[in-house]
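**Q** Numbering (mature numbering (1 follows the signal peptide of the UniProt record, and there is no 0)), first residue to last: -24 to -1, 1 to 98.
Take this structure first; my questions come after.
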């Protein structure tokens, strides 16, 4: 009986440890300043696995094509997040951005998005 309890405890610790490692993936580097964002992302075209596209322009505007529909608006850098504003509050909110190789991960901080989104540089 003691062996079963210890085995279960060890499995739980290992599982929790692996989950924590996945969340804190060292390959994803946070973008923490506007100058880093301008160098790494601004002006480049991004595309996700579904073919949706995003371009955050250097002039403070962005355009996205999702499921064939275009949306556009303005963005500004605030602290360590990019905040975007769109007419009618569609697509407004702030996100943290991370890069890993030729991928960008966008982590929502506000604005109703519930999960991270990944794009690849085209």
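The C-beta atom is built at its ideal place from N, Cα and C for all residues, glycine as well.
Is DSSP giving residue 84 helix, strand or coil here?
**A** Of the three classes helix, strand and coil, the one that applies to residue 84 here is strand, per DSSP.
**Q** Candidates 20, 83, 71 and 28: which alpha carbon is nearest residue 52's?
**A** With distances taken between Cα atoms, residue 52 lies closest to 71.
**Q** List the endpoints of the continuous alpha helix (DSSP H) containing residue 54.
**A** From DSSP, residue 54 is part of no alpha helix (DSSP H) but of the beta strand (DSSP E) over 45 to 54.
**Q** Going by C-alpha distance, which of 85, 76 and 74 is nearest residue 59?
**A** Of the candidates 85, 76 and 74, the one whose C-alpha sits nearest the C-alpha of residue 59 is 85.
**Q** Pick helix, strand or coil for residue 63, following the three-state DSSP scheme.
**A** If DSSP states are grouped into helix, strand and coil, residue 63 belongs with the helices.
**Q** Measuring alpha carbon to alpha carbon, tell me which residue in 79, 39 and 73 is nearest residue 63.
**A** Looking at the Cα atoms, 39 is the closest of the given residues.
**Q** Check whether the Cβ atoms of residue 48 and residue 57 lie closer than 8 Å to each other.
**A** It is not a contact, given that the beta carbons lie outside the stated cut-off.
**Q** Residue 74: which of 46, 68, 61 and 97 sits nearest, CA to CA?
**A** Looking at the Cα atoms, 97 is the closest of the given residues.
**Q** Buried or exposed, going by whether 16 or more other CB atoms sit within 10 Å of the CB of residue 25?
**A** Burial call: exposed.
**Q** Could you pull out every residue in the same chain whose Cβ sits closer than 8 Å to the Cβ of residue 69, ignoring the five residues on either side in sequence?
**A** 59, 60, 84, 85, 86, 87, 88 and 89.
**Q** I'd like to confirm the pairing. Which residues does DSSP put opposite residue 91 in its beta bridges?
**A** BP columns for residue 91 are empty, so no partner.
**Q** So the beta strand (DSSP E) residue 76 belongs to, where does it begin and stop?
**A** First-last of the beta strand (DSSP E) with residue 76: 69 to 76.
**Q** Let's test the definition: count the other Cβ atoms within 10 Å of the Cβ of residue 91 and tell me whether it reaches 16, buried, or not, exposed.
**A** With fewer than 16 Cβ atoms within 10 Å of its Cβ, residue 91 is classed as exposed.
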